[in-house]
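Trainee: Once you've had a glance at the structure underneath, I'll fire off some questions.
4 protein chains.
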Amino acid sequence: MGIKTKEEYIESLRQMKPTAYMGGERITNIVDNPRLRPGIEATGATYELAQMDEYSDMMLTHSPLIDEKVNRFTLPPGSIEDLVARVKINRTLGNWMGTCHQRCTGLDCLSALSIVTYDMDQKHNTDYFERFTDFLKYVQKNDLTCNAGVTDVKGDRSLGPRQQEDKDMYLTVVERRDDGIVLRGAKAHQTGSLSSHEIIVLPTRALKKGDEDYAVAFAIPNDSPGLIHVVGRSSLDNRELDGCDIGNIRYSKYCPTVIFDDVFVPWKRVFMCGEAEFAVDMVVKFSSYHRQSHGGCKSGKIDCMTSAALTMMDYNGTNKAGHLKQKVIDMIHRAETLYGCSLAASYEGTKEASGSYFIDTVLANASKIHEGKEMAEAIRLMVDICGGYVADLPSDKDL
Amino acid sequence: MGIKTKEEYIESLRQMKPTAYMGGERITNIVDNPRLRPGIEATGATYELAQMDEYSDMMLTHSPLIDEKVNRFTLPPGSIEDLVARVKINRTLGNWMGTCHQRCTGLDCLSALSIVTYDMDQKHNTDYFERFTDFLKYVQKNDLTCNAGVTDVKGDRSLGPRQQEDKDMYLTVVERRDDGIVLRGAKAHQTGSLSSHEIIVLPTRALKKGDEDYAVAFAIPNDSPGLIHVVGRSSLDNRELDGCDIGNIRYSKYCPTVIFDDVFVPWKRVFMCGEAEFAVDMVVKFSSYHRQSHGGCKSGKIDCMTSAALTMMDYNGTNKAGHLKQKVIDMIHRAETLYGCSLAASYEGTKEASGSYFIDTVLANASKIHEGKEMAEAIRLMVDICGGYVADLPSDKDL
Amino acid sequence: MGIKTKEEYIESLRQMKPTAYMGGERITNIVDNPRLRPGIEATGATYELAQMDEYSDMMLTHSPLIDEKVNRFTLPPGSIEDLVARVKINRTLGNWMGTCHQRCTGLDCLSALSIVTYDMDQKHNTDYFERFTDFLKYVQKNDLTCNAGVTDVKGDRSLGPRQQEDKDMYLTVVERRDDGIVLRGAKAHQTGSLSSHEIIVLPTRALKKGDEDYAVAFAIPNDSPGLIHVVGRSSLDNRELDGCDIGNIRYSKYCPTVIFDDVFVPWKRVFMCGEAEFAVDMVVKFSSYHRQSHGGCKSGKIDCMTSAALTMMDYNGTNKAGHLKQKVIDMIHRAETLYGCSLAASYEGTKEASGSYFIDTVLANASKIHEGKEMAEAIRLMVDICGGYVADLPSDKDL
Amino acid sequence: MGIKTKEEYIESLRQMKPTAYMGGERITNIVDNPRLRPGIEATGATYELAQMDEYSDMMLTHSPLIDEKVNRFTLPPGSIEDLVARVKINRTLGNWMGTCHQRCTGLDCLSALSIVTYDMDQKHNTDYFERFTDFLKYVQKNDLTCNAGVTDVKGDRSLGPRQQEDKDMYLTVVERRDDGIVLRGAKAHQTGSLSSHEIIVLPTRALKKGDEDYAVAFAIPNDSPGLIHVVGRSSLDNRELDGCDIGNIRYSKYCPTVIFDDVFVPWKRVFMCGEAEFAVDMVVKFSSYHRQSHGGCKSGKIDCMTSAALTMMDYNGTNKAGHLKQKVIDMIHRAETLYGCSLAASYEGTKEASGSYFIDTVLANASKIHEGKEMAEAIRLMVDICGGYVADLPSDKDL
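Which chain is which? The protein sequence lines are G, U, B and H, in order. Counting from 308, one number per residue, gives the positions in the first sequence under the numbering used here. Counting from 308, one number per residue, gives the positions in the second sequence under the numbering used here. Counting from 308, one number per residue, gives the positions in the third sequence under the numbering used here. Counting from 308, one number per residue, gives the positions in the fourth sequence under the numbering used here.
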């Protein structure tokens, strides 16, 4: 118990037995799979840096809830300082690994739940906040990684969940039992679901009266019976499988679709069930926290690309070319814009009824709108600076 | 003494007798001149809001230096809170008046001096910091407005001050006397110089060994002998003089060029004289603070334009047009970006040796780069939303 | 008769007696008014260049209609060559004068009418094309300038013409007589209406069955009884009236609102009356031609601004500054984009049933979308390059 | 001889025996290789469409040189019509296949050579133009595909060819013999070199006196002794090799680096050798033609992406979402801008001394500058419209 080392984290994943498929085949050894391991390494870095003298002060903090030191990725923000720390550790990690560490989404879910479960209890006399707090203690004590099961498959976006022809387009409560509920459907874009100990599910959109079966939030282990992780394709996944011509040789990400084939969740792990009018709160809280996270990690990734561009300029002998230096400045400017808006959203945060701190959503949106454009533009600038060989260099096997 | 009301401020200006010209004519009554008064009203709003219940907490604070309540525009930042307050009061004022209140530049000078005079003393055993502190007490006790005399005329930008053919291109110390120094040259873009009690002069650029005569900082009353304010043209100045077809009927700005025709400055008002190697510090500190200020006031102005655009949409019956709503969102996004980066630069500020707080310059630059583009784009969007009558409406006299 | 010199053009305007107001006062001598004359000079340049050896081949062509040489501004395009010439003369003139010559809109109306009057006749057995052709001969033989009376005041844009509370929001046929029709309403943004001999009126928007009274097109002299030109304000109009601190001392523009106070139009000058279903054609044809024109003149104006920027770089000694040269390249790029899309729209034009040539509207729209942004950005870049004195230089009277 | 069918084209490639490597292995059967075949199919489409009734008029034309019908990809432009046709066939093909057909670069080389060989002869009394014309006849009579060997590896961009530490950074004449010359070095980014019959080599940059050994142009079969094609990596190449999860299942591209390991070229195939001062002309002519080509093919690719985006909107039920429709309009606008500037550059082309037509370079550059940004932005918009499944859909093998 307590703070895990990277090795302990990986060992703990090895103990889990999720059902996983990739490329039409069942994967039994998740941890050593060459396509999945770099993603696990990326999440692993959130454990690794927490043990390094240079970063441990940034990564670890005291949790009043369990009165122990915890990794910040298990701590819903209880102060402005906590909010700001979220952005800074994300930038540090983005810069460190040049890709997604995949542990922010779980914290974004924990943070949203820490507010909305309390608010639901106030209105409905439910005990969601207590259930959630028990779960949170368990997460903190064991330094667990959680995954965000938010995005439903959705089908026809012009229709609501009940109007879909294919009933599996939205995750649904198909049975309410004495001991818990049974879920059917799927969640898409589950970045790092196999690098996580727990899958936290939230609703994907605002819901109306009548949509009660879709208004559901809960947490379950990633190897719960009926859960099926189908790892999706990504551009360069084969290179990892081949072990050749890999750009980022240490870190990567992967995104399964997670299918819920009548998965049972005990009541103590259910944090919302039927309160359709709170779905919008859950979505807004989660996505706002997530936008704030992105302002950190994406600026870190641009930092990393800027360094790559500068290295290539050295290599190509173009480091005195004025128009390329201007492009580097442009890249830095884009990183700082994301970061600045996300930091401001944090510093301007406010305390919610439950005691958690929530960000300024207008400023977090400003960061988000930039993110959508600036990342693409930063990549274009990097490629522009680096030159054509980025696109068609012969294989390491040829060299 | 102490906090002035707007009326006291205007009355205090009435007591001053600066030498001023506009359109080839001498202006004797500055305060009642229809072209200058709206600018004085704009600065006056910084006094007016300080007296209003809604804003006084924001505008006023306690000065440890004189142990009295002071207007924030006389207080170099002594904490992160002070830095943040600068951005917020600028946004509030920009939104309130839709133009420039013109009092930020003086505070930007005071803030820069509060750091660099101290640093110079450490190196050169001078007593600039003490002289400056005396001046600052005087400013605070009398709630004075200061103006920033920073930008020299410059002439040929590819040459340094000494290489200029016309020796008046950079403000120069032409005589060093026992009781003080004599200055010759001019400072351009002196927004609000006639709305200010004091003119603070700083160097305009980095200087080298040999440039000692240009390395000068000081403060003098705006009606000092030899000082000549020549009010420049602005697009719509005639409308104010005519009292007709004025867009912003309450507030405006004007920008004189201030000529120094052998102006004497006593030593106690000289805050730098010959320390060429500190010129770059002075410029960087001033301009960084000024960029931070702009992140506040310019976002406030975009707020004001957004409101104007929404009003016109109501008026034109276009308030349900999706493409116009998208443009309004775009305007808001631009305002929040400026504001977010400027806020972040403030929250991430650090303490200098003198005790003053300085901003994060990278984030302030991010705000500045956006400002250069976003204001122009926000104006274009506003005009686009409002339609053609903005450009060619018949005169009020015709209507 | 025949091609006019600039002097003959101005003299011909002097013979007209339009009813005009500006700043609440009646203007009787239009031609010598210091606010209006630079606009007349701008249109005058379309006559002046036609007499210059360097430009006459570009400006003049043979009209098959009257079998005489005519100024191209009186010739609806009868070939791809004519379409292309429109863009090129507009760029040349934009570059020559740095502002709007104001004669393109009349040609855009003539061009639209040369197509749509023919199409209406085919469907309705009317004789609009013959009436229009008679008018066109008169225009060509006398080298007249026409103005485009297109934009109605419109009122509430969410409502159609008949739903407006104020019935004068759209120009309406209020009486149909044996000898002609009577019009009431107003047309806004009538750039150069007092520099024109004739006012051509077209509908301002698509119309429906029931809107017949708004479906009207015609041409009348600018001094017709009941026509009232109210010259609107523009940013720097007072400087022209004062004769001081004028930026462009030779050329300018002005935009009246033209009020139709029960104006009579004889049938032979009526080119559409009641054919509501053709209103959309008229609008699309006019505005597409007008977008094509803008691709020429606006790129010419950017040329002019680019030259101004380069001159200021020389003057400031910044002509070797890499970041400013980059901005100049950016300005040129924007000009060429507008021009390129407009040229392509011309070369890809096609022949209409009447024999006139019409442009490719998709490419003309591409030019238009750029125009909306590139002009504003080109101005910003120019100001950026030139520096602050553009905004607040002292008056010539002071210098 | 004469126009080839697609099948004949592929069969003719099958007869060639180039030395090729990919992923560290020698490839003997080029034509049936699953990674190379879709690239060959793409070039094959230039033969296929030439046989289709709908496109043959566009793709085929009469060559005065051999007095036969030829595919336009073998014809240097001899008229404005030819220049315009280049843009239109490229757009059609880009739209047809959604990727690069790879046959434009050869034509760009032929077009540049058709001008510069003539100009060199005029100055130096050489017979390059005659040699080139013989080669061109051979290309036209056999409907061959040529590849552009332009880009050298370059090494340190701050140094010229002679200053490079590694002498193989620029392709060099290492021996001049009675019967021809011997070349050493490499050319990078040789898109489609194995889909081509001939490799045409031009200099990669402006050269100075002393650089004579780098001033070389020639043409040789792709299976010449000493030529080694090393196929580089591209993002999704493994999917083609696996035959699964391929996005564009019919067409693709690949980019070898082509190594010249002392390759012999007979004099009749040498079109420049030592005329260093003409290197800049060759580069400018080639790259200007190539920019013009891109204005066509890239707008065609955006057309294809726009259709994909619209299909996804249908599929997702988002085809009425205003903000997505706005993005589609934005995509179309970008395509038309590229196309418009490129068309204008063509229509404004002029005749060179040799009789070939060359484009307007300023307008071609305007197209190029847009291409650099608009393609990336169009892709971003498409992804934005389509949603996240574009990034991480499970494999076909899983489905």
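Note that CB positions come from ideal geometry on N, CA and C, so glycine has one too.
When Cβ atoms are compared, which residues of the stretch 652 to 666 of chain G fall closer than 8 Å to chain U?
Mentor: The stretch 652 to 666 of chain G vs chain U, Cβ under 8 Å: Ala652, Tyr654 and Glu655.
Trainee: Starting from U/Thr711, follow its DSSP beta bridges and name the residues at the other end.
Mentor: Limits of chain U in this structure are 308 at one end and 706 at the other, which puts residue 711 of chain U out of reach.
Trainee: Can you have a look at B/Leu466 and say buried or exposed, based on whether 16 or more other CB atoms are within 10 angstroms of its CB?
Mentor: exposed
Trainee: Shorter than 9 Å from the beta carbon of U/His630 to some beta carbon of chain H?
Mentor: Under the Cβ criterion of 9 Å, U/His630 is counted among the residues facing chain H.
Trainee: What does B/Gly695 reach in chain C if we use C-beta pairs closer than 9 Å?
Mentor: In the structure shown, chain C does not exist; the protein chains are G, U, B and H.
Trainee: Roughly how far, in whole angstroms, is the beta-carbon of U/Lys560 from the beta-carbon of U/Gly346, given that I think they are within contact range, below 8 Å?
Mentor: 5 Å
Trainee: Which residues in chain U sit within 7 Å of H/Gln358, going by Cβ to Cβ distance?
Mentor: Within 7 Å Cβ-Cβ: nothing; H/Gln358 doesn't reach chain U, min ~45 Å.
Trainee: For the stretch 487 to 571 of chain U, list the alpha helix (DSSP H) runs that are entirely contained and at least 4 residues long, ordered along the chain.
Mentor: The alpha helix (DSSP H) runs of length 4 or more contained entirely in the stretch 487 to 571 of chain U are, from start to end of the chain, 544 to 549.
Trainee: Per DSSP, B/Ile387 forms a beta bridge with which residues?
Mentor: The partner list for B/Ile387 (beta bridge, DSSP) is empty, contrary to what the question assumes.
Trainee: What residue range is occupied by the uninterrupted beta strand (DSSP E) comprising U/Met359?
Mentor: Taken as a continuous stretch (DSSP letters only), U/Met359 belongs to no beta strand (DSSP E), as it is neither H nor E.
Trainee: State the start and end residues of the unbroken alpha helix (DSSP H) segment that holds H/Phe585.
Mentor: It is not in any alpha helix (DSSP H) - H/Phe585 carries neither H nor E in the DSSP assignment.
Trainee: Rounded to whole angstroms, what is the Cα-Cα separation between H/Asp485 and H/Pro573?
Mentor: Cα to Cα, the separation comes out at about 9 Å.
Trainee: Chain U partners of H/Gln633, CB-CB under 9 Å?
Mentor: Gly629, His630 and Gln633
Trainee: One question on the structure: do G/Ser674 and G/Arg557 come within less than 9 Å of each other, judged by their Cβ atoms?
Mentor: Not closer than 9 Å, so no.
Trainee: From U/Gly462 to B/Gly624, what distance separates their C-alpha atoms?
Mentor: 8 Å
Trainee: Would you verify that the beta carbon of G/Ile672 is, or is not, closer than 9 Å to some beta carbon of chain U?
Mentor: A small correction: the amino acid at residue 672 of chain G is Asn; Ile does not occupy that position in the sequence shown. Chain U, which has a Cβ nearer than 9 Å to the Cβ of G/Asn672, makes this yes.
Trainee: Apply the 10 Å Cβ neighbour rule to B/Asp450 and answer buried if 16 or more other Cβ atoms are within range, or exposed otherwise.
Mentor: buried
Trainee: Comparing the C-beta of H/Glu643 with each C-beta of chain B, is any distance below 9 Å?
Mentor: Interface residue, yes.
Trainee: Run through chain B and tell me which residues come within less than 9 Å of U/Ser465, C-beta to C-beta.
Mentor: Neighbours of U/Ser465 on chain B, chain order: Asn623, Gly624, Thr625, Asn626, Lys627 and Ala628.
Trainee: Contact between the stretch 359 to 379 of chain B and the stretch 319 to 335 of chain B: three or more CB pairs below 8 Å?
Mentor: no
Trainee: Got a sec: is the Cβ-Cβ distance from B/Ile639 to anything in chain H below 9 Å?
Mentor: yes
Trainee: Counting beta carbon pairs with one atom in the stretch 637 to 652 of chain G and one in the stretch 679 to 696 of chain G, are three or more of them shorter than 8 Å?
Mentor: Contact holds between the stretch 679 to 696 of chain G and the stretch 637 to 652 of chain G, because three or more Cβ pairs, one in each stretch, are under 8 Å apart.
Trainee: Would you mind listing the alpha helix (DSSP H) stretches within the stretch 631 to 680 of chain H that are 4+ residues and don't spill past its ends, in chain order?
Mentor: none
Trainee: Among U/Gly581, U/Leu617 and U/Asn672, which one has its Cα closest to the Cα of U/Gly596?
Mentor: Strictly speaking, residue 596 of chain U in this sequence is Tyr, with Gly absent from that position. The shortest C-alpha separation from U/Tyr596 is found at U/Asn672.
Trainee: Short of 7 Å in beta carbon distance, which residues of its chain neighbour G/Asp530, apart from the five on each side in sequence? Order them along the chain.
Mentor: Met323, Lys324 and Pro325
Trainee: Put U/Thr479 into one of helix, strand or coil per three-state DSSP.
Mentor: strand
Trainee: Quick one: is G/Tyr709 near chain U, going by C-beta distance under 9 Å?
Mentor: Nothing can be reported for residue 709 of chain G: it is not among the residues displayed for chain G, which extend from 308 to 706.
Trainee: Are there 16 or more other CB atoms within 10 angstroms of the CB of B/Gly492, so buried, or fewer, so exposed?
Mentor: buried
Trainee: Near B/Gln447, which residues of its chain fall below 8 Å by C-beta distance, leaving aside the five closest residues on each side in sequence?
Mentor: Ser370, Leu372, Ile373, Glu375, Val377, Thr381 and Leu382
Trainee: Is the Cβ-Cβ distance between U/Pro510 and U/Phe571 less than 9 Å?
Mentor: Here U/Pro510 is not near U/Phe571, since their CB atoms are 9 Å or more apart.
Trainee: Which residues, in order along the stretch 327 to 346 of chain B, keep a beta-carbon less than 8 Å from a beta-carbon of chain U?
Mentor: Tyr328, Met329, Gly330, Gly331 and Glu332
Trainee: Less than 8 Å between C-beta atoms, sequence neighbours within five positions excluded: which residues of the same chain meet that for H/Val391?
Mentor: Leu650, Ser653 and Tyr654
Trainee: Would G/Lys313 pass as a contact of G/Tyr354 if the rule is Cβ separation under 9 Å?
Mentor: yes
Trainee: Given a cut-off of 9 Å on the beta-carbon distance, is the pair U/Pro468 and U/Asp426 in contact?
Mentor: no
Trainee: Taking C-beta pairs closer than 7 Å, name the residues in chain U that B/Ala683 reaches, listed in chain order.
Mentor: Ala683 and Arg687
Trainee: Quick check: is the beta carbon of G/Ile609 nearer than 9 Å to any beta carbon in chain U?
Mentor: no
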